[in-house]
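Chains as they are written, first to last, in this note's numbering: chain A, 1 to 283; chain B, 284 to 531.
Yeah, the Cβ is synthetic: ideal placement off N, Cα and C, and Gly gets one too.
Take a look at the structure set out below.
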Amino acid sequence: MSPVLKFLDRLWQLPFLLVGYLFTWFGPFLRELGGMVIFFGMVIRSMFRRPFEWGELVIQLYQVGVKSVPIVIIAGLFVGAIVGLQFEYALGLFRANQYLGGIATSGLLREVGPVLVSVMVAGRVGAYITAELGTMKVTEQIDAVRCLGANPIQFLIVPRFIAVTVMIFVLTILGLIIATMGGALAAYILADMGVSKYFAGIRSLDAAWALFNGMAKAVLFGLLLSTISCYKGIMTEGGTEGVGKAVNSCLVTSSLAIFIVDYIIAGLSSLTFQVAESLLEFG
Amino acid sequence: MIEYKGVMKSFGGQTVLDGVDLAVKEGETFFVLGKTGAGKTVMIRMLVGLIRPDGGSIRMDGEELAGREEEDFQSIRRKCGMVFQLPTLFDSYSVFENVAFGLRRLGDVEEDEIFERVAESLRRVELDPEISERMPDELSFGEQKRVGLARTLVMNPKYLLYDEPTTGLDPFTAGKIDGLIKHLNESMNATSIVVSHDLMSMKNLADRVGVLWDGKFSFVGSVPEFMEATSESVLEFKKGLAEGGRKA
Numbered sequence: 001m002s003p004v005l006k007f008l009d010r011l012w013q014l015p016f017l018l019v020g021y022l023f024t025w026f027g028p029f030l031r032e033l034g035g036m037v038i039f040f041g042m043v044i045r046s047m048f049r050r051p052f053e054w055g056e057l058v059i060q061l062y063q064v065g066v067k068s069v070p071i072v073i074i075a076g077l078f079v080g081a082i083v084g085l086q087f088e089y090a091l092g093l094f095r096a097n098q099y100l101g102g103i104a105t106s107g108l109l110r111e112v113g114p115v116l117v118s119v120m121v122a123g124r125v126g127a128y129i130t131a132e133l134g135t136m137k138v139t140e141q142i143d144a145v146r147c148l149g150a151n152p153i154q155f156l157i158v159p160r161f162i163a164v165t166v167m168i169f170v171l172t173i174l175g176l177i178i179a180t181m182g183g184a185l186a187a188y189i190l191a192d193m194g195v196s197k198y199f200a201g202i203r204s205l206d207a208a209w210a211l212f213n214g215m216a217k218a219v220l221f222g223l224l225l226s227t228i229s230c231y232k233g234i235m236t237e238g239g240t241e242g243v244g245k246a247v248n249s250c251l252v253t254s255s256l257a258i259f260i261v262d263y264i265i266a267g268l269s270s271l272t273f274q275v276a277e278s279l280l281e282f283g
Numbered sequence: 284m285i286e287y288k289g290v291m292k293s294f295g296g297q298t299v300l301d302g303v304d305l306a307v308k309e310g311e312t313f314f315v316l317g318k319t320g321a322g323k324t325v326m327i328r329m330l331v332g333l334i335r336p337d338g339g340s341i342r343m344d345g346e347e348l349a350g351r352e353e354e355d356f357q358s359i360r361r362k363c364g365m366v367f368q369l370p371t372l373f374d375s376y377s378v379f380e381n382v383a384f385g386l387r388r389l390g391d392v393e394e395d396e397i398f399e400r401v402a403e404s405l406r407r408v409e410l411d412p413e414i415s416e417r418m419p420d421e422l423s424f425g426e427q428k429r430v431g432l433a434r435t436l437v438m439n440p441k442y443l444l445y446d447e448p449t450t451g452l453d454p455f456t457a458g459k460i461d462g463l464i465k466h467l468n469e470s471m472n473a474t475s476i477v478v479s480h481d482l483m484s485m486k487n488l489a490d491r492v493g494v495l496w497d498g499k500f501s502f503v504g505s506v507p508e509f510m511e512a513t514s515e516s517v518l519e520f521k522k523g524l525a526e527g528g529r530k531a
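Below, the structure is given as C-alpha cells:
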C-alpha cells in the first residue's frame with residue numbers, strides 16, 4: 001500500500017482513536033469502553049479490505065442465525081402469549097379489551113421483542129463467539145493466523161461481526177412475527193377474542209412507528225453485541241480460566257449494555273413524542 | 284542471516300531481554316536453551332512481529348525488523364515458518380484446509396497446486412495424505428504437531444522457528460519429532476532456531492547452542508563446547524536443574 005493510501009486509510013479511523021483514547025484516561029471502565037471504540041473502528045476499517053472471507057461469513061451466518069431459530073421461535077411464542085394475557089387482564093378491568101392487539105403488539109415491537117431476542121442471542125451466540133475467539137487466543141491460534149499471512153481482524157472478526165449484526169436484525173423480525181402470533185393465539189384461546197379483532201387493534205395504534213423503533217433497536221443491539229463479544233474474545237488472557245472470565249464478562253456487559261441503551265432510546269423516543277406534541281399544539 | 288544487537292524487552296517493569304546479541308548463520312540450526320520465563324520464546328516471536336522489541340536492532344537478510352508496523356511484516360512472515368509449542372490447528376477446519384490455509388492466503392496459487400503441495404507437505408512429516416479429510420480432534424497430539432509442522436513447511440520458508448517442539452510429548456514421540464526436524468532442516472537447507480529446555484533435543488539437533496541467562500546469552504558455542512563448559516548457567520542445565528527437559 002502506498003504511503004498516501006496508508007495515510008488516507010488511517011485518517012478516517014482518527015475519530016474512533018480520539019474518542020477511544022479519551023476514554024482510556026479515566027479508570028478501568030472507561031478504558032474498556034475506549035478499547036471497544038478503537039476496536040469497533042478497526043473492524044469497520046477491515047470490512048472494506050480485500051480479500052473478504054465469504055466462506056467464513058457463510059459459516060458464521062449459519063452458526064449465529066440458523067441455529068438460533070428454534071430458540072427464538074419458542075421464546076417468541078411464549079413471550080407473545082404472556083404479554084397478551086397480562087394486557088388482557090389489565091384492559092379487562094377498564095372494559096377496553098378491543099385495544100388488546102394494539103397495546104400488546106406495540107409493547108412487543110418497541111421493547112420486549114428486540115430486547116428479548118438480543119439478550120437470548122447474547123446468551124447463545126455472544127458467549128459462543130467470545131469462548132471461541134478466547135480459546136483461539138490462549139492456544140496461540142490467532143498468532144498462527146498472523147504468521148500464515150492473514151489478518152485476524154479481517155479473517156476472524158469481520159465475518160462474526162457482520163453475522164451477529166445481520167442475524168440479530170433477522171431474528172428480531174422473526175421473533176416479533178412469532179410473538180405477535182403468540183399474543184393473538186393467547187387472546188383467541190384464553191380470552192375468546194377473534195383473531196381479526198386482535199389484528200384490527202394493531203392497525204388502530206402506531207404499529208409502523210413501533211416497528212421502525214424495534215428494528216432500529218435491533219440494529220443497534222446487534223452492533224453492541226457483536227462488538228462486545230468479539231472484543232472480549234480477542235482480549236482474552238490467562239489460559240482456560242481467562243476464557244471462562246471473558247465469557248462471563250461478555251454476558252454481563254452485553255446484557256447491561258442492551259438494557260442501558262434500550263432505556264436511552266426509550267427516553268429519546270418519548271422526548272421526541274413530547275416535542276412533536278408541543279409543536280402540534282403550538283401550531 | 285539473522286542478527287540480534289542489543290535487543291531489549293520488558294513486561295510490566297520486569298526485564299526479560301537485556302541487550303541480547305546473537306548472529307545465526309545461514310543454514311545452521313541454532314538451539315536456544317533457557318529456563319522457563321528466560322525470554323527464549325520472546326526472541327523468536329520478535330522475528331515474526333508477534334512481539335515488538337523495546338530497544339536494539341533485529342536484522343533478517345539485512346532488513347531491519349525493529350520498528351516495523353504490522354502490515355510491513357507480511358514479507359518477513361513469508362520467509363519464516365513458525366512452529367508453535369501447541370499444534371495451533373484450527374478446530375473447525377479439516378487437516379487439508381489447515382495445511383492449505385497459508386497457500387490460500389497468497390491468493391495466486393491454483394487449486395491443483397494447493398492439493399499437490401498439501402499432500403507433499405504431509406508426506407514430508409511422515410503422515411499419509413489420506414488423513415486430509417479428518418478433523419484435528421480426530422488426531423493424536425503427536426499427529427496434530429506433525430500437521431502443524433506440515434502447515435509451516437508447505438510455505439517453503441527460508442527460516443524455521445521452533446518453539447518448544449517436543450513439549451508435551453513422550454520421549455519416544457519427542458525423539459521421532461527431533462529426527463523429523465533434523466531431516467527437514469537438512470533436506471530444505473533451512474536456517475533454524477529451536478527454542479527449548481530439552482537437552483536431548485539439543486544433542487540431536489543443534490549445530491550451535493546458546494544459553495539465555497538473566498536476559499543475555501551467557502554461553503554460545505558448539506554442542507561439544509557446551510558439554511565441556513563450566514559456567515554456572517551451563518552447569519545448571521547439565522545437572523538437570525533446568526525445568527522439564529529430557530537429560531542428555
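According to the DSSP secondary-structure assignment, residue 341 of chain B is paired through a beta bridge with B:287.
Following the DSSP letters along the chain, one finds residue 374 of chain B in no beta strand (DSSP E), marked with neither H nor E.
In terms of Cβ geometry, residue 216 of chain A and residue 233 of chain A do not form a close pair [threshold 8 Å]. Listed along chain B are 331, 360, 365, each with a C-beta nearer than 7 Å to that of residue 147 of chain A.
Between residue 299 of chain B and residue 325 of chain B, the gap from beta carbon to beta carbon is short of 8 Å. Taking C-alpha positions only, residue 140 of chain A is separated from residue 267 of chain A by approximately 44 Å.
Those residues of the segment 113–144 of chain A placed with their C-beta closer than 7 Å to a C-beta in chain B are 139, 140, 141, 143, 144, ordered along the chain. Rounded to whole angstroms, the gap between the alpha carbons of residue 3 of chain A and residue 9 of chain A is 10 Å. Sequence-distant Cβ neighbours of residue 363 of chain B in its own chain, meaning closer than 7 Å and more than five residues away, are 330, 331, 440, 442, 444. Apart from sequence neighbours up to five positions away, the residues of its chain that approach residue 49 of chain A with a beta-carbon distance below 7 Å are 154, ordered along the chain. Residue 86 of chain A: member of the alpha helix (DSSP H) spanning 69–93, first to last residue. Secondary structure note for residue 302 of chain B: it is in no alpha helix (DSSP H), and the uninterrupted beta strand (DSSP E) holding it is 297–307. Our two residues, residue 52 of chain A and residue 157 of chain A, have alpha carbons roughly 11 Å apart in a direct line. Spanning the alpha carbons of residue 302 of chain B and residue 60 of chain A requires a straight line of approximately 46 Å. Under the three-state reduction of DSSP output, residue 465 of chain B falls in the helix class.
Just so you know, the alpha carbons of residue 403 of chain B and residue 160 of chain A end up roughly 33 Å apart. When C-alpha distances from residue 401 of chain B are compared across B:480, B:392, B:412, the shortest belongs to B:412.
Uninterrupted alpha helix (DSSP H) stretches at least 4 residues long and entirely within the segment 310–337 of chain B occur at 323–330, given in chain order. Ranked by how close their Cα comes to the Cα of residue 487 of chain B, the residues B:505, B:494, B:308 have B:505 in first place.
With a threshold of 8 Å between beta carbons, residue 388 of chain B makes contact with chain A. Secondary structure of residue 450 of chain B (DSSP, three-state): coil. Your pair residue 76 of chain A and residue 179 of chain A checks out as a contact, with CB atoms roughly 4 Å apart and the cut at 8 Å.
At a C-beta separation below 7 Å, residue 51 of chain A has these neighbours in chain B: 390.
The Cβ neighbour count for residue 151 of chain A, taken over all protein chains shown within 10 Å, is at least 16; the residue is labelled buried. The alpha-carbon separation between residue 175 of chain A and residue 73 of chain A amounts to approximately 6 Å. Here residue 405 of chain B is buried: its Cβ has 16 or more other Cβ atoms, across all protein chains shown, within 10 Å. The alpha carbon of residue 127 of chain A has as its nearest neighbour, out of A:35, A:64, A:177, A:90, the alpha carbon of A:64. Per DSSP, residue 474 of chain B lies in no alpha helix (DSSP H); the unbroken beta strand (DSSP E) holding it starts and ends at 474–479. Nearest to residue 263 of chain A by C-alpha distance, out of A:279, A:213, A:173, A:227, is A:213.
Residue state for residue 49 of chain A is assigned as coil, using DSSP reduced to three classes. A residue is called buried when at least 16 other Cβ atoms come within 10 angstroms of its Cβ; residue 480 of chain B meets this threshold and is buried. Chain order gives the chain B residues near residue 150 of chain A as 388, where near means a beta carbon separation below 7 Å.
The beta carbon of residue 115 of chain A sits closer than 8 Å to those of 217, 221, 258, 259, 262, all from its chain and outside the five residues before and after it, given in chain order.
Using beta-carbon distances, residue 385 of chain B counts as an interface residue toward chain A, with a partner under 8 Å. With contacts defined as CB atoms closer than 8 Å, residue 496 of chain B and residue 321 of chain B qualify as a contacting pair.
In the structure shown, residue 292 of chain B adopts extended strand secondary structure according to DSSP, grouped into three states.
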